[in-house]
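Reminder that position 515 of the sequence shown reads as 807 in the working numbering, one-by-one numbering, no gaps.
Built from N, CA and C at the ideal position, the CB exists for glycine as well.
Structure first, then comments.
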Amino acid sequence: MPASCSPNEIAITLNALNSLISQATNGTVAGNEVCSVSCRISDPPSRDVTFWVVTAIMIFVSAMVMLSSHASPAHFLDLHERSRAFGYKESRRTDRRYPLHQILLSVLGHYRPLCPPKSADNFLVSRDIPNWFFNYIMLNGFFCVDSFFFLSGLLLSYLFFKEIFRNPNRLRNPMTWVLFYVRRFLRLTPSYMMFIAFYVAYLKHLTIGPIELYEDRQVNNCVENWWTNLLYVSNICYLATWYLAADMQMYVFSPILLIALAINQWVVTAIGIMAISIGANYGTFYKYHFYPTLLHVPGINDDPKAGNEREFKLFNYHAAWIRCLPYIVGIMTGYYLQKFKNKRIKVHPVGAITGWALATACALGSLFGIFNYMNGSTDWSVFTRASYNNFSRLGWGLSLAFVVVACQKGFGGPIKNIMSLKIFTPLGRLSYCAYLVHIMIIYIFLGMWRQPLHYVSIFENYVHMGVACIVISYLFAMVWSLMFEIPFGKLEKMLIEGLMGFFVKRSKRVYQCKDPKEAGSGCKDKIDPKMA
293 MPASCSPNEI AITLNALNSL ISQATNGTVA GNEVCSVSCR ISDPPSRDVT FWVVTAIMIF
353 VSAMVMLSSH ASPAHFLDLH ERSRAFGYKE SRRTDRRYPL HQILLSVLGH YRPLCPPKSA
413 DNFLVSRDIP NWFFNYIMLN GFFCVDSFFF LSGLLLSYLF FKEIFRNPNR LRNPMTWVLF
473 YVRRFLRLTP SYMMFIAFYV AYLKHLTIGP IELYEDRQVN NCVENWWTNL LYVSNICYLA
533 TWYLAADMQM YVFSPILLIA LAINQWVVTA IGIMAISIGA NYGTFYKYHF YPTLLHVPGI
593 NDDPKAGNER EFKLFNYHAA WIRCLPYIVG IMTGYYLQKF KNKRIKVHPV GAITGWALAT
653 ACALGSLFGI FNYMNGSTDW SVFTRASYNN FSRLGWGLSL AFVVVACQKG FGGPIKNIMS
713 LKIFTPLGRL SYCAYLVHIM IIYIFLGMWR QPLHYVSIFE NYVHMGVACI VISYLFAMVW
773 SLMFEIPFGK LEKMLIEGLM GFFVKRSKRV YQCKDPKEAG SGCKDKIDPK MA
(Lines of atoms letter the chains of each structure in order from A and count residues from 1; the text may use other names and numbers.)
(Lines give C-alpha, C1' and ligand atoms only; values in the text may rest on other atoms or scores of the structure.)
Protein backbone atom coordinates (compact mmCIF):
# COMPACT_ATOMS: atom_id res chain seq x y z
CA MET A 1 0.00 0.00 0.00
CA PRO A 2 1.17 3.58 -0.54
CA ALA A 3 2.88 5.10 2.46
CA SER A 4 0.45 8.01 2.36
CA CYS A 5 -2.46 5.72 3.34
CA SER A 6 -3.37 5.81 7.01
CA PRO A 7 -4.45 2.66 8.90
CA ASN A 8 -7.97 4.08 9.28
CA GLU A 9 -8.29 4.75 5.53
CA ILE A 10 -7.18 1.21 4.70
CA ALA A 11 -9.71 -0.26 7.14
CA ILE A 12 -12.52 1.81 5.58
CA THR A 13 -11.46 0.73 2.08
CA LEU A 14 -11.39 -2.96 3.00
CA ASN A 15 -14.82 -2.78 4.63
CA ALA A 16 -16.21 -1.01 1.56
CA LEU A 17 -14.74 -3.74 -0.64
CA ASN A 18 -16.41 -6.39 1.51
CA SER A 19 -19.76 -4.63 1.08
CA LEU A 20 -19.37 -4.51 -2.71
CA ILE A 21 -18.53 -8.22 -2.85
CA SER A 22 -21.49 -9.07 -0.63
CA GLN A 23 -23.88 -7.03 -2.81
CA ALA A 24 -22.54 -8.52 -6.04
CA THR A 25 -23.01 -12.07 -4.77
CA ASN A 26 -26.34 -11.45 -3.01
CA GLY A 27 -24.71 -12.09 0.35
CA THR A 28 -23.36 -15.54 -0.53
CA VAL A 29 -19.77 -14.32 -0.26
CA ALA A 30 -18.79 -11.84 2.42
CA GLY A 31 -15.66 -11.21 4.41
CA ASN A 32 -15.32 -10.38 8.06
CA GLU A 33 -15.49 -6.78 9.15
CA VAL A 34 -12.05 -5.18 9.53
CA CYS A 35 -11.83 -3.55 12.94
CA SER A 36 -8.33 -2.12 12.68
CA VAL A 37 -5.26 -2.15 10.47
CA SER A 38 -1.62 -2.13 11.51
CA CYS A 39 0.81 -0.65 8.98
CA ARG A 40 4.42 -1.76 8.85
CA ILE A 41 6.48 0.75 6.92
CA SER A 42 9.19 -0.51 4.59
CA ASP A 43 11.66 2.22 5.55
CA PRO A 44 13.97 1.40 8.49
CA PRO A 45 13.09 3.17 11.73
CA SER A 46 15.21 6.03 13.03
CA ARG A 47 17.96 5.37 15.57
CA ASP A 48 17.07 6.88 18.92
CA VAL A 49 19.11 7.59 22.05
CA THR A 50 18.53 4.08 23.42
CA PHE A 51 20.00 2.57 20.27
CA TRP A 52 23.22 4.58 20.53
CA VAL A 53 23.64 4.08 24.28
CA VAL A 54 23.24 0.30 23.99
CA THR A 55 25.57 0.27 20.97
CA ALA A 56 28.22 2.15 22.95
CA ILE A 57 27.95 -0.33 25.83
CA MET A 58 28.23 -3.27 23.44
CA ILE A 59 31.33 -1.79 21.81
CA PHE A 60 32.94 -1.13 25.19
CA VAL A 61 32.28 -4.64 26.51
CA SER A 62 33.44 -6.19 23.22
CA ALA A 63 36.69 -4.24 23.46
CA MET A 64 37.13 -5.40 27.06
CA VAL A 65 36.65 -9.02 26.04
CA MET A 66 39.14 -8.82 23.17
CA LEU A 67 41.79 -6.91 25.13
CA SER A 68 41.44 -9.07 28.23
CA SER A 69 41.78 -12.23 26.16
CA HIS A 70 45.22 -11.24 24.89
CA ALA A 71 46.67 -9.10 27.65
CA SER A 72 47.07 -9.19 31.40
CA PRO A 73 48.08 -5.61 32.19
CA ALA A 74 49.05 -6.21 35.82
CA HIS A 75 51.94 -3.79 35.42
CA PHE A 76 49.57 -1.07 34.29
CA LEU A 77 46.52 -1.56 36.49
CA ASP A 78 45.69 -3.07 39.85
CA LEU A 79 42.64 -4.62 38.21
CA HIS A 80 44.46 -7.65 36.87
CA GLU A 81 41.97 -10.24 38.07
CA ARG A 82 39.02 -8.08 37.11
CA SER A 83 40.33 -7.59 33.59
CA ARG A 84 40.96 -11.32 33.20
CA ALA A 85 37.33 -12.00 34.07
CA PHE A 86 36.38 -10.63 30.66
CA GLY A 87 38.96 -12.74 28.84
CA TYR A 88 37.79 -15.52 26.55
CA LYS A 89 40.23 -18.01 28.04
CA GLU A 90 38.95 -17.30 31.53
CA SER A 91 35.31 -17.12 30.54
CA ARG A 92 35.23 -20.50 28.90
CA ARG A 93 36.24 -22.18 32.16
CA THR A 94 33.05 -22.55 34.10
CA ASP A 95 31.23 -25.24 36.03
CA ARG A 96 27.75 -24.07 35.13
CA ARG A 97 25.64 -26.49 33.12
CA TYR A 98 22.07 -26.26 31.92
CA PRO A 99 19.71 -28.80 30.29
CA LEU A 100 20.32 -28.67 26.54
CA HIS A 101 17.34 -30.79 25.51
CA GLN A 102 14.93 -28.56 27.42
CA ILE A 103 16.24 -25.51 25.57
CA LEU A 104 15.60 -27.28 22.27
CA LEU A 105 12.01 -28.02 23.28
CA SER A 106 11.60 -24.47 24.54
CA VAL A 107 12.67 -23.01 21.20
CA LEU A 108 10.33 -25.31 19.31
CA GLY A 109 7.53 -24.76 21.80
CA HIS A 110 7.73 -20.98 21.48
CA TYR A 111 7.93 -21.20 17.70
CA ARG A 112 4.44 -22.73 17.55
CA PRO A 113 2.41 -19.93 19.23
CA LEU A 114 4.49 -17.18 17.61
CA CYS A 115 3.89 -18.69 14.18
CA PRO A 116 0.55 -20.50 14.46
CA PRO A 117 -0.75 -22.62 11.54
CA LYS A 118 -3.88 -20.46 11.41
CA SER A 119 -1.71 -17.78 9.78
CA ALA A 120 -0.89 -20.14 6.89
CA ASP A 121 -2.25 -19.68 3.39
CA ASN A 122 -3.81 -23.17 3.69
CA PHE A 123 -4.89 -22.83 7.31
CA LEU A 124 -7.87 -25.20 6.91
CA VAL A 125 -5.43 -28.10 6.60
CA SER A 126 -4.05 -27.22 10.02
CA ARG A 127 -7.37 -28.22 11.61
CA ASP A 128 -6.11 -31.81 11.53
CA ILE A 129 -3.18 -31.03 13.84
CA PRO A 130 -4.91 -32.24 17.06
CA ASN A 131 -5.82 -35.55 15.42
CA TRP A 132 -2.21 -36.72 15.07
CA PHE A 133 -1.02 -38.47 18.22
CA PHE A 134 2.70 -37.69 17.99
CA ASN A 135 2.05 -34.01 17.34
CA TYR A 136 1.61 -33.67 21.09
CA ILE A 137 5.34 -34.06 21.57
CA MET A 138 5.45 -30.48 20.29
CA LEU A 139 1.92 -29.24 21.00
CA ASN A 140 2.08 -30.23 24.66
CA GLY A 141 5.69 -29.18 25.07
CA PHE A 142 4.80 -26.99 28.04
CA PHE A 143 6.43 -29.61 30.25
CA CYS A 144 9.85 -28.31 29.25
CA VAL A 145 9.12 -25.42 31.62
CA ASP A 146 8.35 -27.88 34.41
CA SER A 147 11.69 -29.54 33.64
CA PHE A 148 13.38 -26.19 34.13
CA PHE A 149 11.67 -25.72 37.47
CA PHE A 150 12.61 -29.24 38.57
CA LEU A 151 16.26 -28.78 37.63
CA SER A 152 16.38 -25.34 39.23
CA GLY A 153 15.17 -26.77 42.54
CA LEU A 154 17.48 -29.78 42.18
CA LEU A 155 20.64 -27.72 41.67
CA LEU A 156 19.70 -25.25 44.39
CA SER A 157 19.16 -27.98 46.98
CA TYR A 158 22.17 -30.07 45.96
CA LEU A 159 24.62 -27.17 46.17
CA PHE A 160 23.01 -25.69 49.29
CA PHE A 161 23.24 -28.88 51.33
CA LYS A 162 26.75 -29.50 50.06
CA GLU A 163 27.81 -26.48 52.12
CA ILE A 164 25.43 -27.11 55.01
CA PHE A 165 26.55 -30.71 55.53
CA ARG A 166 30.15 -29.51 55.47
CA ASN A 167 29.49 -26.79 58.05
CA PRO A 168 26.08 -27.06 59.80
CA ASN A 169 26.65 -23.78 61.67
CA ARG A 170 26.20 -21.87 58.42
CA LEU A 171 22.47 -22.52 58.65
CA ARG A 172 22.28 -20.15 61.64
CA ASN A 173 24.64 -17.55 60.20
CA PRO A 174 22.76 -14.46 58.90
CA MET A 175 25.47 -13.90 56.29
CA THR A 176 24.56 -17.24 54.71
CA TRP A 177 21.10 -15.99 53.91
CA VAL A 178 22.27 -12.56 52.80
CA LEU A 179 24.60 -14.18 50.28
CA PHE A 180 21.88 -16.68 49.39
CA TYR A 181 19.91 -13.86 47.75
CA VAL A 182 22.69 -11.47 46.74
CA ARG A 183 24.67 -14.04 44.77
CA ARG A 184 21.60 -15.23 42.90
CA PHE A 185 20.66 -11.69 41.94
CA LEU A 186 24.18 -10.74 40.85
CA ARG A 187 24.66 -13.93 38.87
CA LEU A 188 21.51 -13.66 36.76
CA THR A 189 20.78 -9.96 36.45
CA PRO A 190 23.62 -8.39 34.37
CA SER A 191 23.20 -10.60 31.31
CA TYR A 192 19.40 -10.52 31.72
CA MET A 193 18.97 -6.75 32.00
CA MET A 194 21.56 -6.05 29.32
CA PHE A 195 19.66 -8.29 26.94
CA ILE A 196 16.41 -6.46 27.74
CA ALA A 197 18.16 -3.23 26.76
CA PHE A 198 19.51 -4.86 23.59
CA TYR A 199 16.05 -6.19 22.76
CA VAL A 200 14.43 -2.76 23.18
CA ALA A 201 17.11 -0.99 21.15
CA TYR A 202 17.56 -3.39 18.24
CA LEU A 203 14.40 -5.43 17.66
CA LYS A 204 12.55 -2.85 15.58
CA HIS A 205 15.60 -2.54 13.32
CA LEU A 206 15.70 -6.30 12.66
CA THR A 207 12.03 -7.14 12.05
CA ILE A 208 11.10 -4.97 9.08
CA GLY A 209 8.63 -6.94 7.00
CA PRO A 210 4.98 -7.32 6.03
CA ILE A 211 4.09 -9.81 8.77
CA GLU A 212 2.73 -8.09 11.85
CA LEU A 213 4.27 -9.09 15.13
CA TYR A 214 3.07 -8.10 18.55
CA GLU A 215 6.56 -7.38 19.86
CA ASP A 216 5.91 -3.63 19.79
CA ARG A 217 3.62 -3.97 22.79
CA GLN A 218 6.26 -5.99 24.62
CA VAL A 219 8.97 -3.45 23.79
CA ASN A 220 6.80 -0.66 25.17
CA ASN A 221 6.21 -2.69 28.33
CA CYS A 222 9.96 -3.14 28.73
CA VAL A 223 10.54 0.60 28.35
CA GLU A 224 7.81 1.58 30.80
CA ASN A 225 8.17 -1.24 33.35
CA TRP A 226 11.85 -2.20 33.17
CA TRP A 227 12.16 -1.91 36.96
CA THR A 228 9.71 -4.80 37.41
CA ASN A 229 12.10 -6.99 35.46
CA LEU A 230 14.94 -5.84 37.67
CA LEU A 231 12.95 -6.92 40.73
CA TYR A 232 11.80 -10.17 39.06
CA VAL A 233 8.12 -9.42 39.56
CA SER A 234 7.26 -8.85 35.90
CA ASN A 235 5.51 -11.49 33.82
CA ILE A 236 4.69 -9.35 30.79
CA CYS A 237 7.86 -7.80 29.32
CA TYR A 238 9.48 -10.06 26.69
CA LEU A 239 7.94 -13.48 26.33
CA ALA A 240 10.75 -15.40 28.05
CA THR A 241 10.96 -13.26 31.18
CA TRP A 242 7.95 -14.72 32.96
CA TYR A 243 9.92 -17.88 33.71
CA LEU A 244 12.80 -15.94 35.26
CA ALA A 245 10.34 -14.03 37.44
CA ALA A 246 8.52 -17.19 38.54
CA ASP A 247 11.78 -19.03 39.20
CA MET A 248 13.12 -16.14 41.29
CA GLN A 249 9.89 -15.98 43.27
CA MET A 250 10.21 -19.70 44.05
CA TYR A 251 13.84 -19.15 45.00
CA VAL A 252 12.90 -16.37 47.43
CA PHE A 253 10.59 -18.69 49.38
CA SER A 254 12.71 -21.84 49.02
CA PRO A 255 14.40 -21.45 52.45
CA ILE A 256 11.11 -22.50 54.03
CA LEU A 257 11.61 -26.01 52.66
CA LEU A 258 15.42 -25.96 52.81
CA ILE A 259 15.42 -25.20 56.53
CA ALA A 260 12.71 -27.82 57.11
CA LEU A 261 14.89 -30.40 55.37
CA ALA A 262 17.93 -29.36 57.39
CA ILE A 263 16.11 -29.85 60.70
CA ASN A 264 14.26 -33.01 59.59
CA GLN A 265 10.83 -31.38 59.58
CA TRP A 266 10.35 -31.68 55.85
CA VAL A 267 7.42 -34.10 55.64
CA VAL A 268 4.75 -31.76 57.00
CA THR A 269 6.30 -28.73 55.28
CA ALA A 270 6.54 -30.29 51.82
CA ILE A 271 3.09 -31.86 51.97
CA GLY A 272 1.62 -28.61 53.27
CA ILE A 273 3.14 -26.48 50.49
CA MET A 274 2.02 -28.95 47.83
CA ALA A 275 -1.49 -29.09 49.29
CA ILE A 276 -1.75 -25.29 49.24
CA SER A 277 -0.56 -25.17 45.62
CA ILE A 278 -2.93 -27.92 44.48
CA GLY A 279 -5.84 -26.40 46.36
CA ALA A 280 -5.18 -22.96 44.89
CA ASN A 281 -5.12 -24.49 41.42
CA TYR A 282 -8.45 -26.23 41.92
CA GLY A 283 -9.88 -22.95 43.20
CA THR A 284 -8.82 -20.98 40.12
CA PHE A 285 -10.17 -23.68 37.80
CA TYR A 286 -13.57 -23.63 39.45
CA LYS A 287 -13.67 -19.84 39.35
CA TYR A 288 -12.53 -19.39 35.74
CA HIS A 289 -13.40 -22.78 34.15
CA PHE A 290 -9.98 -22.95 32.54
CA TYR A 291 -9.05 -25.45 29.84
CA PRO A 292 -6.50 -28.06 30.98
CA THR A 293 -3.53 -26.43 29.23
CA LEU A 294 -2.62 -23.24 27.44
CA LEU A 295 -3.41 -25.01 24.17
CA HIS A 296 -7.05 -24.94 23.07
CA VAL A 297 -8.56 -25.47 19.63
CA PRO A 298 -11.68 -23.30 19.11
CA GLY A 299 -14.72 -25.39 18.31
CA ILE A 300 -13.53 -28.44 20.24
CA ASN A 301 -14.89 -28.86 23.78
CA ASP A 302 -15.62 -25.15 24.09
CA ASP A 303 -16.72 -23.92 27.51
CA PRO A 304 -18.67 -20.63 27.42
CA LYS A 305 -17.61 -19.92 31.01
CA ALA A 306 -13.90 -20.47 30.34
CA GLY A 307 -11.53 -17.64 31.17
CA ASN A 308 -9.49 -16.11 28.40
CA GLU A 309 -5.83 -16.80 27.65
CA ARG A 310 -4.62 -13.77 29.57
CA GLU A 311 -6.40 -14.92 32.73
CA PHE A 312 -5.04 -18.45 32.33
CA LYS A 313 -1.49 -17.13 32.08
CA LEU A 314 -1.92 -14.75 35.00
CA PHE A 315 -3.55 -17.14 37.45
CA ASN A 316 -2.09 -20.47 36.32
CA TYR A 317 0.67 -20.67 33.73
CA HIS A 318 2.79 -17.79 35.07
CA ALA A 319 1.83 -18.16 38.74
CA ALA A 320 4.76 -19.34 40.86
CA TRP A 321 2.43 -20.69 43.56
CA ILE A 322 0.81 -22.96 40.97
CA ARG A 323 3.94 -24.00 39.04
CA CYS A 324 6.01 -24.84 42.14
CA LEU A 325 5.23 -28.59 42.32
CA PRO A 326 8.16 -29.74 40.10
CA TYR A 327 10.38 -27.22 41.92
CA ILE A 328 9.56 -28.83 45.26
CA VAL A 329 10.24 -32.30 43.83
CA GLY A 330 13.59 -31.00 42.58
CA ILE A 331 14.53 -29.65 46.01
CA MET A 332 13.67 -32.97 47.63
CA THR A 333 15.69 -34.87 45.02
CA GLY A 334 18.74 -32.64 45.47
CA TYR A 335 18.60 -33.12 49.24
CA TYR A 336 18.42 -36.90 48.85
CA LEU A 337 21.34 -37.02 46.40
CA GLN A 338 23.54 -34.88 48.64
CA LYS A 339 22.66 -36.69 51.87
CA PHE A 340 23.32 -40.13 50.39
CA LYS A 341 26.05 -38.97 48.03
CA ASN A 342 28.53 -41.70 48.92
CA LYS A 343 25.99 -44.46 49.45
CA ARG A 344 25.44 -46.79 46.53
CA ILE A 345 21.98 -48.31 46.17
CA LYS A 346 21.75 -51.94 45.14
CA VAL A 347 18.73 -52.39 42.92
CA HIS A 348 17.68 -55.72 41.45
CA PRO A 349 17.43 -55.61 37.63
CA VAL A 350 13.72 -56.37 37.86
CA GLY A 351 13.27 -53.45 40.23
CA ALA A 352 15.24 -51.13 37.94
CA ILE A 353 13.21 -52.15 34.90
CA THR A 354 9.98 -51.70 36.85
CA GLY A 355 11.05 -48.26 38.01
CA TRP A 356 11.97 -47.17 34.50
CA ALA A 357 8.68 -48.51 33.16
CA LEU A 358 6.67 -46.60 35.76
CA ALA A 359 8.61 -43.38 35.22
CA THR A 360 8.21 -43.66 31.45
CA ALA A 361 4.49 -44.39 31.76
CA CYS A 362 4.05 -41.42 34.09
CA ALA A 363 5.87 -39.06 31.70
CA LEU A 364 4.03 -40.34 28.61
CA GLY A 365 0.71 -40.14 30.43
CA SER A 366 1.40 -36.52 31.29
CA LEU A 367 2.40 -35.72 27.72
CA PHE A 368 -0.21 -37.64 25.73
CA GLY A 369 -3.01 -37.94 28.30
CA ILE A 370 -4.75 -34.93 26.80
CA PHE A 371 -5.00 -36.45 23.30
CA ASN A 372 -8.64 -37.62 23.38
CA TYR A 373 -9.77 -34.36 24.95
CA MET A 374 -7.99 -32.20 22.38
CA ASN A 375 -9.35 -34.04 19.34
CA GLY A 376 -12.90 -33.92 20.69
CA SER A 377 -13.31 -37.64 21.38
CA THR A 378 -14.23 -36.92 24.97
CA ASP A 379 -15.09 -33.93 27.12
CA TRP A 380 -13.77 -33.21 30.59
CA SER A 381 -15.42 -31.65 33.58
CA VAL A 382 -13.79 -28.74 35.39
CA PHE A 383 -12.58 -31.15 38.08
CA THR A 384 -10.94 -33.42 35.49
CA ARG A 385 -9.29 -30.46 33.75
CA ALA A 386 -7.94 -29.17 37.05
CA SER A 387 -6.74 -32.63 38.05
CA TYR A 388 -4.84 -33.07 34.80
CA ASN A 389 -3.28 -29.62 35.14
CA ASN A 390 -2.19 -30.36 38.71
CA PHE A 391 -1.02 -33.93 38.62
CA SER A 392 0.48 -34.04 35.12
CA ARG A 393 3.08 -31.51 36.27
CA LEU A 394 3.66 -33.38 39.50
CA GLY A 395 3.95 -36.67 37.63
CA TRP A 396 6.39 -35.14 35.18
CA GLY A 397 8.55 -33.92 38.05
CA LEU A 398 8.51 -37.33 39.73
CA SER A 399 9.53 -38.98 36.44
CA LEU A 400 12.49 -36.63 36.13
CA ALA A 401 13.42 -37.31 39.75
CA PHE A 402 13.60 -41.03 39.06
CA VAL A 403 15.77 -40.47 35.97
CA VAL A 404 18.21 -38.31 37.93
CA VAL A 405 18.43 -40.70 40.87
CA ALA A 406 18.77 -43.73 38.59
CA CYS A 407 21.60 -42.17 36.60
CA GLN A 408 23.34 -40.94 39.75
CA LYS A 409 23.07 -44.21 41.67
CA GLY A 410 24.20 -46.57 38.96
CA PHE A 411 21.09 -48.05 37.35
CA GLY A 412 20.64 -45.51 34.56
CA GLY A 413 21.85 -47.88 31.86
CA PRO A 414 22.27 -46.47 28.34
CA ILE A 415 20.25 -43.37 29.27
CA LYS A 416 23.06 -42.23 31.56
CA ASN A 417 25.65 -42.92 28.86
CA ILE A 418 23.77 -40.79 26.36
CA MET A 419 23.10 -37.92 28.76
CA SER A 420 26.73 -37.92 29.91
CA LEU A 421 28.21 -37.41 26.46
CA LYS A 422 30.81 -34.64 26.54
CA ILE A 423 29.36 -33.02 23.45
CA PHE A 424 26.44 -31.75 25.55
CA THR A 425 28.66 -29.94 28.06
CA PRO A 426 29.59 -26.78 26.10
CA LEU A 427 26.08 -26.41 24.71
CA GLY A 428 24.57 -26.98 28.14
CA ARG A 429 26.67 -24.17 29.56
CA LEU A 430 25.21 -21.79 26.99
CA SER A 431 21.61 -22.67 27.72
CA TYR A 432 20.80 -19.75 30.05
CA CYS A 433 21.80 -17.23 27.40
CA ALA A 434 20.17 -19.34 24.69
CA TYR A 435 16.92 -19.15 26.63
CA LEU A 436 17.25 -15.37 26.89
CA VAL A 437 17.87 -14.78 23.19
CA HIS A 438 15.76 -17.42 21.44
CA ILE A 439 12.48 -15.46 21.45
CA MET A 440 14.15 -12.50 19.77
CA ILE A 441 15.69 -14.82 17.17
CA ILE A 442 12.22 -16.20 16.37
CA TYR A 443 10.88 -12.65 16.05
CA ILE A 444 13.68 -11.77 13.63
CA PHE A 445 13.03 -14.85 11.50
CA LEU A 446 9.30 -14.15 11.30
CA GLY A 447 9.86 -10.44 10.71
CA MET A 448 11.90 -11.16 7.59
CA TRP A 449 9.27 -13.32 5.91
CA ARG A 450 7.88 -12.03 2.62
CA GLN A 451 5.12 -14.60 2.18
CA PRO A 452 2.58 -16.43 4.38
CA LEU A 453 3.41 -19.73 6.00
CA HIS A 454 2.44 -22.80 3.97
CA TYR A 455 1.48 -25.61 6.31
CA VAL A 456 2.66 -29.15 5.46
CA SER A 457 3.02 -30.77 8.87
CA ILE A 458 3.94 -29.62 12.30
CA PHE A 459 7.28 -31.42 12.19
CA GLU A 460 8.11 -30.05 8.74
CA ASN A 461 7.55 -26.52 9.97
CA TYR A 462 9.72 -27.11 13.01
CA VAL A 463 12.53 -28.54 10.90
CA HIS A 464 12.18 -25.74 8.37
CA MET A 465 12.34 -22.91 10.91
CA GLY A 466 12.91 -24.39 14.36
CA VAL A 467 16.32 -25.93 13.65
CA ALA A 468 17.58 -22.68 12.15
CA CYS A 469 16.36 -20.75 15.20
CA ILE A 470 18.14 -23.20 17.51
CA VAL A 471 21.46 -22.88 15.65
CA ILE A 472 21.33 -19.08 15.51
CA SER A 473 20.22 -18.89 19.15
CA TYR A 474 23.24 -20.87 20.32
CA LEU A 475 25.65 -18.87 18.19
CA PHE A 476 24.23 -15.67 19.64
CA ALA A 477 24.22 -17.20 23.14
CA MET A 478 27.93 -18.04 22.87
CA VAL A 479 28.73 -14.38 22.23
CA TRP A 480 26.37 -13.16 24.94
CA SER A 481 27.74 -15.61 27.50
CA LEU A 482 31.35 -14.59 26.81
CA MET A 483 30.45 -10.90 27.00
CA PHE A 484 28.12 -10.78 30.00
CA GLU A 485 27.13 -13.97 31.79
CA ILE A 486 30.48 -15.53 32.63
CA PRO A 487 32.57 -12.34 33.10
CA PHE A 488 30.03 -10.79 35.44
CA GLY A 489 29.70 -14.13 37.21
CA LYS A 490 33.45 -14.06 37.88
CA LEU A 491 33.29 -10.44 39.00
CA GLU A 492 30.50 -11.39 41.38
CA LYS A 493 32.68 -14.15 42.81
CA MET A 494 35.60 -11.74 43.25
CA LEU A 495 33.34 -9.18 44.91
CA ILE A 496 31.87 -11.66 47.38
CA GLU A 497 35.25 -13.20 48.18
CA GLY A 498 36.74 -9.75 48.69
CA LEU A 499 33.99 -8.67 51.05
CA MET A 500 34.11 -11.93 52.98
CA GLY A 501 37.88 -11.67 53.27
CA PHE A 502 37.55 -8.13 54.60
CA PHE A 503 35.08 -9.15 57.29
CA VAL A 504 37.17 -12.18 58.24
CA LYS A 505 40.20 -9.97 58.76
CA ARG A 506 38.14 -7.54 60.81
CA SER A 507 36.89 -10.38 63.00
CA LYS A 508 40.47 -11.62 63.55
CA ARG A 509 41.82 -8.22 64.54
CA VAL A 510 43.66 -8.29 67.88
CA TYR A 511 44.40 -5.38 70.12
CA GLN A 512 47.85 -4.77 71.56
CA CYS A 513 48.72 -2.17 74.19
CA LYS A 514 52.03 -0.58 74.96
CA ASP A 515 51.24 -0.74 78.64
CA PRO A 516 48.72 -3.22 80.14
CA LYS A 517 47.62 -0.44 82.51
CA GLU A 518 46.53 1.60 79.52
CA ALA A 519 44.22 -1.11 78.19
CA GLY A 520 41.06 0.38 76.85
CA SER A 521 42.53 3.85 76.34
CA GLY A 522 45.89 3.74 74.62
CA CYS A 523 45.51 0.52 72.62
CA LYS A 524 46.46 0.29 68.98
CA ASP A 525 44.69 -2.16 66.78
CA LYS A 526 46.94 -4.33 64.73
CA ILE A 527 46.32 -7.33 62.56
CA ASP A 528 48.16 -10.39 63.70
CA PRO A 529 49.66 -11.92 60.50
CA LYS A 530 49.19 -15.43 61.84
CA MET A 531 45.48 -14.85 62.45
CA ALA A 532 44.88 -12.87 59.27
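It is roughly 32 Å from the alpha-carbon of A678 to the alpha-carbon of C699.
Note that the C-beta distance between S483 and L745 is not below 8 Å. Taking each of G668, I645, Y680, K638 in turn and checking the Cα distance to G657, the smallest one comes out for Y680.
The alpha-carbon separation between G622 and Y530 amounts to approximately 27 Å. S569 sits away from W534, with the two beta carbons spaced by 8 Å or more. Annotation: the continuous alpha helix (DSSP H) that includes M770 extends over 759-772. Our two residues, N521 and N513, have alpha carbons roughly 10 Å apart in a direct line.
Within the same chain, Cβ atoms closer than 8 Å to the Cβ of N573 are found at N608, I614, A678, N681, N682, the five residues on either side in sequence being excluded. The shortest C-alpha to C-alpha distance from G739 to any of L498, S684, S360 is the one to L498. S546 counts as buried, since at least 16 other C-beta atoms from the protein chains shown sit within 10 angstroms of its C-beta.
Between V437 and E777, the alpha-carbon positions lie close to 21 Å from each other. DSSP, read as helix, strand or coil, puts I637 in coil. Between the region 648-656 and the region 686-705 there are three or more inter-stretch CB-CB distances shorter than 8 Å, so the stretches are counted as touching.
Beyond the five residues adjoining it in sequence on each side, I349 comes within less than 6 Å, by CB distance, of no other residue in the same chain. Note that the C-beta distance between N432 and L617 is not below 8 Å. Where H610 is concerned, there is no enclosing alpha helix (DSSP H), because DSSP gives it neither an H nor an E. By the CB criterion at 8 Å, N423 and I750 fall outside the cutoff. Note on the region 515-549: whole alpha helix (DSSP H) runs with a minimum of 4 residues are 518-522, 533-545, in chain order. Relative to E325, the option among M356, A303, V639 whose CA is nearest is A303. The way I'd put it, the region 576-593 does touch the region 660-671; three or more beta-carbon pairs between them come closer than 8 Å. Annotation for M542: A612, C616, Y619 place their beta carbon closer than 6 Å to its own, counting only its chain and skipping 5 residues before and after. The continuous alpha helix (DSSP H) containing M467 extends over residues 466-498.
Ranking P596, L312, K496, K605 by CA distance to the CA of T585 puts K605 first. In the structure shown, R339 falls within a coil segment according to DSSP collapsed to helix, strand and coil. Of the other Cβ atoms in all chains shown, 16 or more fall within 10 Å of the Cβ of R685; this residue is therefore buried.
For A552, the CB contacts under 7 Å within the same chain, skipping 5 residues up- and downstream, are W558, T561 in chain order. With a 10 Å radius around the Cβ and a threshold of 16 neighbouring Cβ atoms, I565 comes out buried. G571 sits exposed, since fewer than 16 C-beta atoms from the chains shown fall within 10 Å of its C-beta.
In this structure, the straight-line span from the alpha carbon of V417 to that of V748 is close to 8 Å. Residue state for L713 is assigned as coil, using DSSP reduced to three classes. In this structure V353 is in contact with M775, their Cβ atoms being roughly 5 Å apart against a cut-off of 8 Å.
Within its own chain, the residues whose Cβ lies closer than 6 Å to the Cβ of I528, once the five positions on either side in sequence are excluded, are N513, listed in chain order.
M732 places its beta carbon less than 8 Å from that of Y491. Only residues of its own chain outside the window of five on either side were considered, and among them S444 have a CB closer than 6 Å to the CB of D539, listed in chain order. A straight line joining the alpha-carbon of L713 with that of V341 spans about 46 Å.
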